[in-house]
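Student: Residue numbers for the sequence shown follow my numbering, beginning at 418 and rising by one. Can you read through this structure? Questions will come right after.
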Amino acid sequence: MELGKRIVFIGDSITEWGRHEDPEEIGTGYVRLLHDYLRVTAPKQKFEVYNKGVGGDRIINLKERWQQDVIDLAPDVVSISIGINDVWRQLDHPEMEQVSPEVFEAIYLHLLEQVKSSQLILMEPTIIEESLNSEGNKLLKEYVEIVQQLASEYNATLVPTHKVFVRYLEKNSGYALTTDGVHMNSAGNMLMAKTWIEAVK
Numbered sequence: 418m419e420l421g422k423r424i425v426f427i428g429d430s431i432t433e434w435g436r437h438e439d440p441e442e443i444g445t446g447y448v449r450l451l452h453d454y455l456r457v458t459a460p461k462q463k464f465e466v467y468n469k470g471v472g473g474d475r476i477i478n479l480k481e482r483w484q485q486d487v488i489d490l491a492p493d494v495v496s497i498s499i500g501i502n503d504v505w506r507q508l509d510h511p512e513m514e515q516v517s518p519e520v521f522e523a524i525y526l527h528l529l530e531q532v533k534s535s536q537l538i539l540m541e542p543t544i545i546e547e548s549l550n551s552e553g554n555k556l557l558k559e560y561v562e563i564v565q566q567l568a569s570e571y572n573a574t575l576v577p578t579h580k581v582f583v584r585y586l587e588k589n590s591g592y593a594l595t596t597d598g599v600h601m602n603s604a605g606n607m608l609m610a611k612t613w614i615e616a617v618k
């Protein structure tokens, strides 16, 4: 697939990672790796990369800022990474109003409808704890399946980030991908970027 020039990455803290401290507002996470990869492999393309990750965001928060952070930028490509906090809040803040799989799917579909003329890249939610049997990863499965289904319905590129992280955990390498079970270290960001590149290619 030939990528359009203007790319918006939107999501939660995993996407945001360091963008507020970065003069380019791209950050130090997987978005930075992808920006640099695109810059050095296709210098004539002059890609415009926008990082619109916000820490703590759930799908309901994306809906609130979709017009300003996505539509108003008139992107050629929209890459979405969301779902971790929709599940994590069920575990660490059960008193909050939660985002059920049904609500998650309905809002995600609503957002995609507004940008379906752009190239769509949907990233599976990654992991919650580096344990295959964690409660978070069990709850996450339904949200991952929704992203997979929506990617199929909208002819979007699916980035199988959950799948590759699970595959990595199954190998029991002993080398962590996160700092706290959710937020990526440099290896986790590399795996996300590598998976994105392979899916988009």
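Quick reminder that beta carbons are idealized off the backbone N, C-alpha and C, glycines included.
1. Looking only at its chain, what residues have a beta carbon closer than 8 Å to the beta carbon of Y454, apart from the 5 residues adjacent to it on each side?
2. Expressed to the nearest angstrom, what Euclidean distance is found between the alpha-carbon atoms of S569 and L539?
3. Check whether the Cβ atoms of I427 and I488 sit closer than 8 Å, and answer yes or no.
4. Between which two residues does the beta strand (DSSP E) carrying K469 extend?
5. Report the residue from E559, P492, K480 whose alpha carbon sits nearest the alpha carbon of V466.
6. Do G473 and S430 have their C-beta atoms closer together than 8 Å?
7. Below 8 Å between beta carbons: does that hold for L575 and V494?
8. Just to confirm before moving on: does the CB-CB distance between W505 and I545 stay below 8 Å?
9. Should the stretch 579-592 be regarded as contacting the stretch 513-520, the criterion being three or more beta carbon pairs within less than 8 Å?
10. The alpha helix (DSSP H) spanning L539 covers which residue range?
11. Could you pull the DSSP bridge partners for G621 from this structure?
12. Whose C-beta lies closer than 6 Å to the C-beta of A573 among residues of the same chain, with five residues either side of it excluded?
13. With distances taken Cα to Cα, identify the nearest neighbour of Y525 among E514, D509, D503.
14. Have a look at D439, M601, A616 and flag the residue whose alpha-carbon is nearest the alpha-carbon of N468.
15. Taking the continuous alpha helix (DSSP H) assigned at L528, which residues delimit it?
16. Is R423 helix, strand or coil when you go by DSSP?
17. Just mark P460 as buried or exposed, buried being the case when its beta carbon has 16 or more other beta carbons within 10 Å.
18. Using the Cβ count rule (16 or more neighbours within 10 Å means buried), how would you classify R436?
19. Work out the CA separation of T432 and Q531 for me, nearest whole Å.
Tutor: On the basis of the coordinates in this document:
1. Excluding positions up to five away in sequence, the list reads A610, I614.
2. Between the alpha carbons of S569 and L539 lies a gap of roughly 10 Å.
3. No, these two residues do not count as a Cβ contact at 8 Å.
4. 465-470 is the span of the beta strand (DSSP E), which, as asked, contains K469.
5. Relative to the Cα of V466, the nearest Cα in the group E559, P492, K480 belongs to P492.
6. Closer than 8 Å, so yes.
7. Not a contact, by the Cβ cut-off of 8 Å.
8. Against a cut-off of 8 Å, the Cβ pair of I545 and W505 comes out as a contact.
9. Verdict: no, contact absent.
10. Note, L539: premise wrong, no alpha helix (DSSP H); beta strand (DSSP E) at 536-540.
11. Residue coverage of the chain in this structure runs from 418 to 618, which leaves residue 621 outside it and unanswerable.
12. Cβ-Cβ distances below 6 Å link A573 to L537, L539 in the same chain, with the five nearest sequence neighbours on each side left out; the list follows chain order.
13. The residue from E514, D509, D503 with its alpha-carbon nearest to that of Y525 is D503.
14. Checking every option, the nearest Cα to that of N468 belongs to D439.
15. 518-531 is the extent of the alpha helix (DSSP H) around L528.
16. Correct three-state label for R423: strand.
17. It counts as exposed.
18. With 16 or more other Cβ atoms within 10 Å, it is buried.
19. One C-alpha to the other measures close to 21 Å.
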